[in-house]
Each structure stands twice: as C-alpha cells, then as structure tokens.
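A.B. asks: Below you'll find the structure I mean.
2 protein chains.
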Amino acid sequence: MQKYRMISNDIRNKILDRTYQANEQIPFERELCEIYDVSKMTVKKALDLLVTEGLIIKRRGSGTFVKDMGPEETKRVTMANQFRGTTAISPGEKIESEILDFSIVHPPEEVAEKLNMALDYFVYDIYRVRLKEGNPFVIEKTYMPIDIIPYLKRENVSGSIYEYIEEKLSLSIQSAHREITVRKATDFEAEKLNLEYGDPVAVAEQVGFLSAGTAFEYSISVHRYDMYAAQIVLTRN
Amino acid sequence: MQKYRMISNDIRNKILDRTYQANEQIPFERELCEIYDVSKMTVKKALDLLVTEGLIIKRRGSGTFVKDMGPEETKRVTMANQFRGTTAISPGEKIESEILDFSIVHPPEEVAEKLNMALDYFVYDIYRVRLKEGNPFVIEKTYMPIDIIPYLKRENVSGSIYEYIEEKLSLSIQSAHREITVRKATDFEAEKLNLEYGDPVAVAEQVGFLSAGTAFEYSISVHRYDMYAAQIVLTRN
DNA sequence: AAGTGGTCTAGACCACATT
DNA sequence: ATGTGGTCTAGACCACTTC
C-alpha cells in the first residue's frame, strides 16, 4: 500500500476513535513529515484525501483541523465515501432478485446516448425487483452493452452484476454518474414494491464507467421511499 | 490563478467544445508538460481534478482518455460539480422567500448534535417557503449559531443567506454534507407547496461548514417532487 | 523493451494568519 | 517576524500495458 494511503488511513482512524477530536488541530504538516518519515508532498496528498472525504479542513497560515462534527456525522461521512452496487450496500443482509426480464435488444435512443454507442449494437436489457430479507425495495432496469460485458447469463443476473463484472470478468469499475429525482409510483411499481399507487419513489438514474473509460451500464432504479437515502459531500475546490 | 487550475480549465474547455472528443486519448502527461511548460506533478494535479469531476480517466501504462459520454452527459457532469445555496442554483430566475418564522432559540437536541454545540447556546431558527417565479418549490428550515453568524436580520433572511455570509460577513463557505431522502408531504407541506396531502417530497438534510472548519448551518429542505434533482459523481480512489 | 501514469523526494518560493 | 499550508520543480524509481 502507498505511503499516502497508509497515512491517510491512520489519521482517519485517529479521527474516528477520537484520538483527534472534533474541532481539534492535528499536527502540522512538518511534524507529520517527521512522524511518518515522508516528504511534505506525501503528507499533503494524504491530508487532501481526507479533505475530499469531508473529515478535515486546512487553513493556510494556521493549520489543519478536524471538522466540527458530532460522532454520528463523522461516521456517516466516512460511509458516504463508499461506492458499490445495490447488493453490497447492506452487507450481512440477504439480497435476492426477482427477474422480470432478461433479454438482448438494440438500445433505445436515450440509452444509446448515455452509453455513447450506436443504435445498431446490442445491449442486455435486465429488469429486476430486488428484495432485502424478502421485502421488495427497488426495481432496477439495467442496460449493458454485450460487447463490453460478455457471456452474462441468467444466473449472474440473479445475484450481483457488479460482482460478476469485477470478479469473473476481472474488469474494474471506476466511477458512476448518478441523478436522483422523485416522483409518484406507477400502478406497476406500486404492485411490485408493495406500495399504493401514487406513493413516493426515489428514482436513481446512473451511468457506470469502467477503468477503461467506457460506459458499461445505464440503469434506472426505482426505490421505495422509506428504504432510500443518498449521502453527498460537497466541497469547494 | 494557479498553473494547475489554468491547465485543468483549458483541458475542460477542450472537452466541452469537443476538441478532445469522447473516448479520445488526450496528450500524454509528458507532452502536456511541454505544451504548458510545467513539471509533471503540476500536470498530474490538473488532470486529477478532472478525474474527480468525472470528465476523464487515466490508465497506467496506456494514457489518459476522455470519458465515453454523450455531449449532454458531459455538460451535466460539469454542472454537478458546482455547489451553491438554493438562490444561486437557478441564475436568471427570480427567487423570493415567504418567511414563516425567524426567531432565536436554544437548539433542539438533534440540531445541537449536528452543529456540535452545547444545548444552552443560541441558534437562529429560520423557516421559509421559497418561490421561483412566484411558484413555491421548497420549504427550508435552517438553524445557524448566532455566535458564528452574527447580526442576521429579517431583511437578510428574505434573500440569500449564503450571500450575506460570504459578502457581508466575509466568511467563506467550504463544504456541506447532505443527505437526501424521500417521503410523503404532510398536510402543512402540501398546502405550502401547492401539493396534495401524501404527494412525494424530496428531503435534503444538510450540514454546512465554513473554511474555519466550524459547522455554521443545519438545514432541512422539503422540495416539491417535480422540482428537485440531485447529481452525484462517484469515484473510486 | 519501451513507454505510460503513479509515487515519492528534497528543496524552493509564495500567500496567508498569527504574533 | 515567524510559521502555517499552497504551489511548483527536476528528477528518481515503480507498476503496469503494449502506446
């Protein structure tokens, strides 16, 4: 593991276990250089990671400080910096899928735009209801180009597609662009999610990218309103 | 302006105006060093900004590539990296406020936790309905410690509080932690937002931080479901 | 093997806040 | 005046792809 990552982890832990307390000043960069026996740029990179995460704040001329948060907020922020597929969000809880559709089609125009692909290529069209401990909580519609994610079978689709991509195909997922909106459930959604028609749903529309830079996934997931929350850390550069 | 920021802006513009096209490889870091006459670390920092924004992807051993996105998605991603108060989100559109309450109180327990302050200190309690072009679209409940944001008057509250903080008080807003959830509108919310009871609303709960590292704001805003969207770029470190 | 981006260094100088 | 973090350099070496 890289030095800056070790340092960053070490300091994060010290914030989480309150060795460095809220609003407290942490050692100067110069001191951290000595403590960890590294150069200034390495310390800076480690601290910048924590700034992006939202845990600390640096003030030129005075020092570096732990953000003034309560313990709960601190934990939440640490969590918010994860990024995983639906299945991995609640580890320890059992996630199953009801497959409504699994076929190969030409992409609808909007999907082709999002995946930046030609209309005469093919995509998987995967339509699933996902259940946590037996209770449906999200309907996911996923499109993936067959050229990028080959050999996808029904059995892979019943579990975690992300896992299939990363472990079976050894592809690496790099990032995702997500838009969250809110609307009323349709009849169909209400039925599948055990809601009433017109009840609220959260809609997350997402484009996923591989390390190679290609868009590999366009998905729209419709969540039960009482089983959805999104966390964001916004930072001014 | 810093060199890395100029370079980063320049490359961002070239992506936006399609000088560098989707999925295209941009010049190697070594070449960029020569083009801009800077060192490698400076180029790296400029590119890393764009990686965080979600515009490009770097692949060790092969090069740096523009993400494989359509033009719309590219613009959206560029937008998503902003962060402003409600008033500034739609420039050019007229935002007004109906003030439901503006008082000074001891913080409720949850607020004290979020703002990491003692229960016997004081906070402003600001309750507003905000209207865009005359139409109500969000109800905002805001708490701010009076010690951090002094002299706040009713006139400041009818406009942009962020503007007051940054321009009148010369404080600098650094970041915010936001959680988005969904639920049904209460009777009161429905009335104020011109909705029906039980219609969906998006709830954004936010803690704002100053450059000094102190939490200066805890707010809960309840949005009309048809006038809310949040964008997120998720990146794996 | 050659060439990419990733990490790290030691040191210079700058901008800013505190003293 | 001192000391903080911010930027930038020139160069070394490493990890990874295949330029």
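The listed protein sequences correspond, in order, to chains A and E. Residue numbering for the first sequence follows the UniProt record's numbering, starting at 1 and increasing by one per position. Residue numbering for the second sequence follows the UniProt record's numbering, starting at 1 and increasing by one per position. Idealized CB from N, CA, C, for every residue including glycine. Since this is a predicted model, take the numbers as computed values, not measurements.
Is there a C-beta anywhere in chain A that falls below 9 angstroms from the one on E:S97?
C.D. replies: So, not an interface residue.
A.B. asks: Quick check: is the beta carbon of A:D199 nearer than 9 angstroms to any beta carbon in chain E?
C.D. replies: Answer yes: the Cβ-Cβ gap between A:D199 and chain E drops below 9 angstroms somewhere.
A.B. asks: Can you check which of these residues, E:V201, E:I149, E:F28 and E:L49, is closest to A:R236 by C-alpha distance?
C.D. replies: Minimum Cα distance to A:R236 is reached at E:L49.
A.B. asks: Return the residue from the list E:A204, E:L100 and E:T214 that minimises the CA-CA distance to E:L171.
C.D. replies: Closest option to E:L171, Cα to Cα, is E:T214.
A.B. asks: At a Cβ threshold of 9 angstroms, is E:L234 touching chain A?
C.D. replies: Judged by the 9 angstroms Cβ criterion, E:L234 is in contact with chain A.
A.B. asks: Beta strand (DSSP E) containing E:V233: first to last residue?
C.D. replies: Start and end: A229 to T235.
A.B. asks: Roughly how many angstroms lie between the CA atoms of E:V222 and E:E189, to the nearest whole one?
C.D. replies: Using only the alpha carbons, I get a separation of about 8 angstroms.
A.B. asks: Identify the contact partners of E:F65 in chain A, using a Cβ-Cβ distance below 7 angstroms as the criterion.
C.D. replies: The contacting residues are G213.
A.B. asks: Out of E:K58, E:Y36, E:G134 and E:I126, state which residue places its alpha-carbon closest to the alpha-carbon of residue 283 of chain E.
C.D. replies: No statement about residue 283 of chain E is possible, as the shown extent of chain E runs from 1 to 237 and does not include it.
A.B. asks: My guess is that E:I57 and A:F209 are in contact by the Cβ rule of under 8 angstroms, so how many angstroms apart are they, rounded?
C.D. replies: The pair is a contact, with the Cβ atoms about 7 angstroms apart (cut-off 8 angstroms).
A.B. asks: Looking at the strands, I want to know which residues DSSP matches up with A:P145.
C.D. replies: The partner list for A:P145 (beta bridge, DSSP) reads A:V123.
A.B. asks: Relative to the alpha-carbon of E:D199, which residue among E:E72, E:M227, E:S158 and E:Y121 has its alpha-carbon at the smallest distance?
C.D. replies: Among E:E72, E:M227, E:S158 and E:Y121, the Cα nearest to that of E:D199 belongs to E:M227.
A.B. asks: Give the C-beta separation of A:N81 and A:E53 to the nearest angstrom, bearing in mind that I take them to be a contact with Cβ-Cβ under 8 angstroms.
C.D. replies: Yes, they are in contact, since the Cβ atoms of A:N81 and A:E53 sit about 5 angstroms apart, within 8 angstroms.
A.B. asks: State the beta-bridge partners of E:Y218 as determined by DSSP.
C.D. replies: E:Y143 and E:V207, per the DSSP bridge assignment.
A.B. asks: Strictly below 7 angstroms CB to CB, what residues from chain A border E:S175?
C.D. replies: Ordered by position in chain A, the residues that pass the 7 angstroms Cβ test against E:S175 are G54, V233, L234, T235 and R236.
A.B. asks: Going by DSSP, which residues form a beta bridge with A:G63?
C.D. replies: In DSSP, A:G63 forms a bridge with A:R59.
A.B. asks: Hey, out of E:N23, E:G61, E:M6 and E:R18, whose CA is closest to E:D37's CA?
C.D. replies: For E:D37, the nearest C-alpha among the options comes from E:M6.
A.B. asks: Taking Cβ-Cβ distances below 7 angstroms as the criterion, which residues of the stretch 147–158 of chain E are in contact with chain A?
C.D. replies: Per Cβ criterion, the list is empty.
A.B. asks: For E:H57, return the contacting residues in chain A, with the cut-off set at a CB-CB distance below 8 angstroms.
C.D. replies: For clarity, residue 57 of chain E is Ile in the given sequence; the question names His instead. What E:I57 touches in chain A: Q174, S175, F209, S211, A212 and G213.
A.B. asks: Taking only beta carbons into account, state which residues of the stretch 72–86 of chain E come closer than 8 angstroms to chain A, listed in chain order.
C.D. replies: Within the stretch 72–86 of chain E, the qualifying residues are E72, E73, R76, V77, A80 and F83.
A.B. asks: Check the DSSP bridge columns for A:S103 and list the partner residues they point to.
C.D. replies: Beta-bridge pairing links A:S103 to A:D125.
A.B. asks: Taking beta-carbon pairs under 7 angstroms, can you tell me which members of the stretch 108–126 of chain E lie near chain A?
C.D. replies: Result list: E113, K114 and N116.
A.B. asks: Thinking C-alpha only, which one of E:Y124, E:P150 and E:I139 is nearest E:A204?
C.D. replies: If we check each option's Cα against that of E:A204, E:I139 comes out closest.
A.B. asks: Mind checking if A:H106 is an interface residue toward chain E, Cβ cutoff 9 angstroms exclusive?
C.D. replies: No, A:H106 lies away from the interface with chain E (no Cβ there is under 9 angstroms from its Cβ).
A.B. asks: Quick one: using the 10 Å Cβ neighbour count with 16 as the cut-off for buried, is A:R128 buried or exposed?
C.D. replies: Answer is buried; the Cβ neighbour count reaches 16.
A.B. asks: Strictly below 9 angstroms CB to CB, what residues from chain A border E:K184?
C.D. replies: Ordered by position in chain A, the residues that pass the 9 angstroms Cβ test against E:K184 are D199, P200 and Y225.
A.B. asks: Work out the CA separation of A:E93 and A:S160 for me, nearest whole Å.
C.D. replies: Whole-angstrom Cα-Cα distance: 13 angstroms.
A.B. asks: Just the chain E side, please: which residues come within less than 7 angstroms of A:G70 by C-beta, in chain order?
C.D. replies: The answer, in chain order, is E113, K114 and N116.
A.B. asks: What is the C-beta distance between A:S219 and A:Q231, in whole angstroms, given that I count them as a contact (C-beta under 8 angstroms)?
C.D. replies: With a Cβ gap of about 19 angstroms, A:S219 and A:Q231 do not count as contacting.
A.B. asks: Note down the Cα distance separating E:T73 from A:E217, rounded to an integer number of angstroms.
C.D. replies: A small correction: the amino acid at residue 73 of chain E is Glu; Thr does not occupy that position in the sequence shown. Their Cα atoms are separated by approximately 14 angstroms.
A.B. asks: Between E:L169, E:R224, E:D187 and E:E155, which lies nearest to A:T181 when the distance is taken from Cα to Cα?
C.D. replies: Residue E:R224 is the option with its Cα nearest to A:T181.
A.B. asks: If we define contact as Cβ-Cβ less than 9 angstroms, is A:I180 a contact residue for chain E?
C.D. replies: Yes, contact with chain E.
A.B. asks: Just tell me which of A:K141, A:H106, A:Q21 and A:M1 has its CA closest to the CA of A:I99.
C.D. replies: A:I99 has its Cα closest to that of A:K141, out of A:K141, A:H106, A:Q21 and A:M1.
A.B. asks: Is there a C-beta anywhere in chain E that falls below 9 angstroms from the one on A:N9?
C.D. replies: So no, A:N9 is outside the interface.
A.B. asks: Within 9 angstroms of any Cβ in chain A, is that where the Cβ of E:A46 sits?
C.D. replies: For E:A46, the answer is no, since every Cβ of chain A falls outside 9 angstroms of its Cβ.
A.B. asks: Between E:Q21, E:Y20 and E:L47, which lies nearest to E:E29 when the distance is taken from Cα to Cα?
C.D. replies: The candidate whose alpha carbon is nearest that of E:E29 is E:L47.
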